[in-house]
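Taking it in order: structure first as structure tokens, then the write-up.
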Amino acid sequence: MAIKPYHHAAAGWGALKYVAINLLKERVSGVNYKSLFAQNQPDGFDCPGCAWPDREHASTFEFCENGVKAVAAESTSKRVTPDFFAQHTVAELLMQSDYELEQHGRLTHPMVYDSVSDKYAPIAWDQAFKLIADELNALDDPDQAAFYTSGRASNEAAFLYQLFVRAYGTNNFPDCSNMCHEATSRGLPGTVGIGKGTVTLDDFEHADTLLIFGQNPATNHPRMLGELRECARRGATIVSINPLRERGLERFTSPQHPLEMLTMSSTPISSLFVQPKLGGDLALIKGVAKRVLELDDRAVLIGLPRILDMEFINEHTIGFSEFARDLRAERWALLIDDSGVPRSQIDQLADIYIKGERVIATWGMGLTQHKNSVPTVQMLSNLMMMRGQIGKRGAGLCPVRGHSNVQGDRTMGIEEQPTAAFLNRMERVFGFAQPRHHGYDVVATIGAMAEGKVKVFIGLGGNFAMATPDTPLTFKALQSCALTVQIATKLNRGHLIHGRKALILPTLGRTEIDLQNGTPQGVTVEDSMSMVHISFGLNKPASLELLSEIAIVSRMAEATLGERYQLKWKAYRDDYASIRDDIEKVFDDFYDYNARVAKPGGFHLKVASREREWVTTSGKAQFVPQKIELDTPIRRAQAKYGKRLMVMMTTRSHDQYNTTIYAMDDRYRGVFGMRRVIFINQLDIDMLGMKAGDWVDVESVWKDGVQRRAGGFMLVAYDIPRGCIGAYYPETNPLVPLNSVADGAGTPTSKSIPVLLTLAESS
Numbered sequence: 001m002a003i004k005p006y007h008h009a010a011a012g013w014g015a016l017k018y019v020a021i022n023l024l025k026e027r028v029s030g031v032n033y034k035s036l037f038a039q040n041q042p043d044g045f046d047c048p049g050c051a052w053p054d055r056e057h058a059s060t061f062e063f064c065e066n067g068v069k070a071v072a073a074e075s076t077s078k079r080v081t082p083d084f085f086a087q088h089t090v091a092e093l094l095m096q097s098d099y100e101l102e103q104h105g106r107l108t109h110p111m112v113y114d115s116v117s118d119k120y121a122p123i124a125w126d127q128a129f130k131l132i133a134d135e136l137n138a139l140d141d142p143d144q145a146a147f148y149t150s151g152r153a154s155n156e157a158a159f160l161y162q163l164f165v166r167a168y169g170t171n172n173f174p175d176c177s178n179m180c181h182e183a184t185s186r187g188l189p190g191t192v193g194i195g196k197g198t199v200t201l202d203d204f205e206h207a208d209t210l211l212i213f214g215q216n217p218a219t220n221h222p223r224m225l226g227e228l229r230e231c232a233r234r235g236a237t238i239v240s241i242n243p244l245r246e247r248g249l250e251r252f253t254s255p256q257h258p259l260e261m262l263t264m265s266s267t268p269i270s271s272l273f274v275q276p277k278l279g280g281d282l283a284l285i286k287g288v289a290k291r292v293l294e295l296d297d298r299a300v301l302i303g304l305p306r307i308l309d310m311e312f313i314n315e316h317t318i319g320f321s322e323f324a325r326d327l328r329a330e331r332w333a334l335l336i337d338d339s340g341v342p343r344s345q346i347d348q349l350a351d352i353y354i355k356g357e358r359v360i361a362t363w364g365m366g367l368t369q370h371k372n373s374v375p376t377v378q379m380l381s382n383l384m385m386m387r388g389q390i391g392k393r394g395a396g397l398c399p400v401r402g403h404s405n406v407q408g409d410r411t412m413g414i415e416e417q418p419t420a421a422f423l424n425r426m427e428r429v430f431g432f433a434q435p436r437h438h439g440y441d442v443v444a445t446i447g448a449m450a451e452g453k454v455k456v457f458i459g460l461g462g463n464f465a466m467a468t469p470d471t472p473l474t475f476k477a478l479q480s481c482a483l484t485v486q487i488a489t490k491l492n493r494g495h496l497i498h499g500r501k502a503l504i505l506p507t508l509g510r511t512e513i514d515l516q517n518g519t520p521q522g523v524t525v526e527d528s529m530s531m532v533h534i535s536f537g538l539n540k541p542a543s544l545e546l547l548s549e550i551a552i553v554s555r556m557a558e559a560t561l562g563e564r565y566q567l568k569w570k571a572y573r574d575d576y577a578s579i580r581d582d583i584e585k586v587f588d589d590f591y592d593y594n595a596r597v598a599k600p601g602g603f604h605l606k607v608a609s610r611e612r613e614w615v616t617t618s619g620k621a622q623f624v625p626q627k628i629e630l631d632t633p634i635r636r637a638q639a640k641y642g643k644r645l646m647v648m649m650t651t652r653s654h655d656q657y658n659t660t661i662y663a664m665d666d667r668y669r670g671v672f673g674m675r676r677v678i679f680i681n682q683l684d685i686d687m688l689g690m691k692a693g694d695w696v697d698v699e700s701v702w703k704d705g706v707q708r709r710a711g712g713f714m715l716v717a718y719d720i721p722r723g724c725i726g727a728y729y730p731e732t733n734p735l736v737p738l739n740s741v742a743d744g745a746g747t748p749t750s751k752s753i754p755v756l757l758t759l760a761e762s763s
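In full-length UniProt numbering, the protein residues as written are 1 to 763.
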């Protein structure tokens, strides 16, 4: 274990070194190496990692370091067989770390939990589906079951899943969107009418200014760095707005460019770093908007050209006058205090925004996992509308999603709050009444399980137990279920935190050949920029016992529903094109689905706001004023504890994707061989009377009186605002209270938790 400051550029030779290490560690066979060079080709498969789009699907070296880790993990030659489970009780496996569980390899057979031996034992697929059907059909109410979806599920699997679940009779669809970009999905419809971004990769070629909020591309979506590199090299101004100074937004050496690699050179990325305190983005963006308005007022007063795009505002928006009144009335002192950014830097950021003719604003979960995340997303939309930076080439809103198909799953109907229009269309196409009441999201599902209202939990991918907040409560909630079912490629802790009855159902990965009736099947995904494309696996399946997600969902549906509604489950799994035929009947934008997706690169879904069409009640984009809330849990905690109170954000390490731990290093932040660290300003370490290297315990401060404590973290001095700390999840998820959520979105506030640090009890 060591802390060694990292002074190199992101990527470069270090990335290639870690690629080689992971290929060796996962024992990827030579025959599977071809998949590394085909993951973004039209006849290959898409990277199962992030949702950043591919510029050229015909490229052979468009993958990134973390993409290779995801592919290597799926292509590993290591196996978790029935013999493995026969040798280990669940209690024994629970003693292993998340990293150790991941390293055992691919699941090979369906398994059922045996409570007598505390082990998983093999079960035939037919018996597994019968067990699921018996438990579901024994429930008094369909709402006593919840159906989770990971963002790795394909469009086809997600569509069948929601069709099955709604035929069963519920809208209980907790999904990974509920934990990441839900604030985007709920916030943008109130301003521009649709909860998706308005840009494509082509816009990055024409933008002259990029504002990057709450992102760490080098770790979370490294292929984005290639676009930023090109923007920087042609002179675009890039501003990084993030509490942590991330190496990938400072300098980047592109493995795709031999000259940079051979000369050990790099490309500077951001020209300005702005470091708001945690939860301060709303005040910062409002401050920029206020400054822009002040400068426009001054221009009008002295007869200069206006800074605001009044043609856009008058033709395309409503509510600007009220919004402007609110900006003028806002106190600068409050904006500066709440943002943690000095007035001079707010003015500097406003000047950069004003000078930009074509501005893209991008954001990640740094904006979406706060109590005020919906107002923050809407305020960013307000700012962009002030100068008409939505719906023109080289400009727009760019939320960057996490998992590879999290956006597509929502498009396909994985939504606990479905619209009436969607349900009406489903009824017309499939001929049965849809459940109309809203279902449970992730947080509500955990609460319902804990209260005994949800008795069956089925997870289509993911690691629900470790991805969710308030870990001890989530564990108890899952363990209270009558049945838990996990559909997965690899073992994780979520399989060991189970109900009284439990199944592990192994599935094909996207890297693997999916043969149905002797014909290879392709599946489609939708990336963060609404591009839909098809891909086919190239590797031999890890086991002959594996079923595709589509086969598992359709056979669950057959076993549970029987002949109800005469839905064609067997035809769907025999030919995935037939699923796409029915998808286009439900969604107009998927017309000629099979024909369009067969073209290299696929097709772009229409995003109305990109075309300056506003799907709002007024038919126009809407300015929405936002107040800076003064009575918040963090402010109350600060009033009680003073400077000792820290605000914690959870984050990934570089050797991590969501809850999957690939290794114990985070080299860009200088952490090696360990994960239990706290990133903290050196002045705060001094103020607390501690020193870097001390071991501390962390306790969250919350209003419910429940003690939430996580122990044994090393203090690491880091460039982060005073009063703020960072730490990895899932290790710190136990500190996130279940009912600490984003207003209007329900997303856990994992980027702004009030905590106290004390020297570790064991130190």
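Backbone N, C-alpha and C fix where the C-beta goes; we use that ideal spot for every residue, glycine too.
Is the CB-CB distance between residue i and residue j below 8 angstroms?
i, j, result
"Thr507", "Glu549", "yes"
"Pro633", "Ser700", "no"
"Ile753", "Leu282", "no"
"Leu136", "Val456", "yes"
"Leu131", "Val377", "no"
"Met412", "Phe159", "yes"
"Asp202", "Gly356", "no"
"Pro82", "Pro122", "yes"
"Arg328", "Ile336", "no"
"Ala289", "Leu383", "yes"
In this structure, how does DSSP classify residue i when only helix, strand and coil are distinguished?
i, result
"Ala577", "helix"
"Pro217", "helix"
"Lys490", "strand"
"His495", "helix"
"Thr60", "For Thr60, the pLDDT reaches just 43, beneath the cut-off of 50, and the residue's location in the model is therefore unreliable, leaving the point undetermined."
"Gln626", "coil"
"Ser752", "coil"
"Glu535", "Note that residue 535 corresponds to Ser in the displayed sequence, not to Glu. Looking at Ser535 - three-state DSSP - the assignment turns out to be strand."
"Glu260", "Model confidence at Glu260 stands at a pLDDT of 48, short of 50, so the residue's coordinates are unreliable; what they give is reported in the following sentence. Of the three classes helix, strand and coil, the one that applies to Glu260 here is helix, per DSSP."
"Arg245", "coil"
"Ala727", "strand"
"Trp702", "coil"
"Pro734", "helix"
"Gly113", "The amino acid at residue 113 is misidentified as Gly; the sequence shows Tyr. Tyr113: strand per DSSP, three-state reduction."
"Asp743", "coil"
"Tyr6", "coil"
"Tyr662", "coil"
"Thr237", "strand"
"Pro268", "strand"
"Tyr440", "coil"
Assuming residue i and residue j make a contact with CB atoms under 8 angstroms, what is their CB distance in whole Å?
i, j, result
"Val454", "Thr445", "6 angstroms"
"Met1", "Met690", "The Cβ separation is near 19 angstroms, so there is no contact."
"Val192", "Leu211", "Going by Cβ atoms, the distance from Val192 to Leu211 rounds to 17 angstroms, so no, they are not a contact pair."
"Ile725", "Phe679", "6 angstroms"
"residue 839", "Gly340", "A question about residue 839 goes unanswered here, because the residues of the chain that appear run from 1 up to 763."
"Glu416", "Asn171", "5 angstroms"
Tell me which same chain residues have a C-beta within less than 6 angstroms of the C-beta of residue i, skipping the five on either side of it?
i, result
"Ala542", "Arg106"
"Tyr728", "Ser653, Arg675"
"Ala133", "Ala559, Thr560"
"Thr326", "The residue asked about is misnamed: residue 326 is Asp in this sequence, not Thr. Excluding residues within five positions, the ones whose Cβ falls inside 6 angstroms are Pro625."
Based on the DSSP secondary-structure assignment, which residues constitute the bridge partners of residue i?
i, result
"Glu205", "Bridge partners of Glu205: none, in fact."
"Tyr148", "Gly459"
"Thr317", "Ala621"
"Leu715", "Ile678"
Within its chain, find whatever has a CB closer than 8 angstroms to the CB of residue i; leave out the 5 residues flanking it on each side and keep chain order.
i, result
"Tyr6", "Arg247, Arg667, Tyr668, Arg669, Gly670"
"Lys4", "Gly670, Phe672"
"Glu761", "Asp697, Gly711"
"Val647", "Lys277, Leu278, Gly279, Ile634, Gly723, Cys724, Ile725, Ser752, Ile753, Pro754, Val755"
"Ile720", "Pro243, Leu244, Gln275, Phe679, Ile680, Asn681, Gly726"
Using a Cβ-Cβ cut-off of 8 angstroms, state whether residue i counts as contacting chain B.
i, result
"Pro754", "Checking the listed chains, one finds no chain B in this structure; it contains a single protein chain."
Keeping to the same chain, check which residues put their C-beta closer than 7 angstroms to that of residue i; ignore five residues upstream and five downstream.
i, result
"Asp588", "none"
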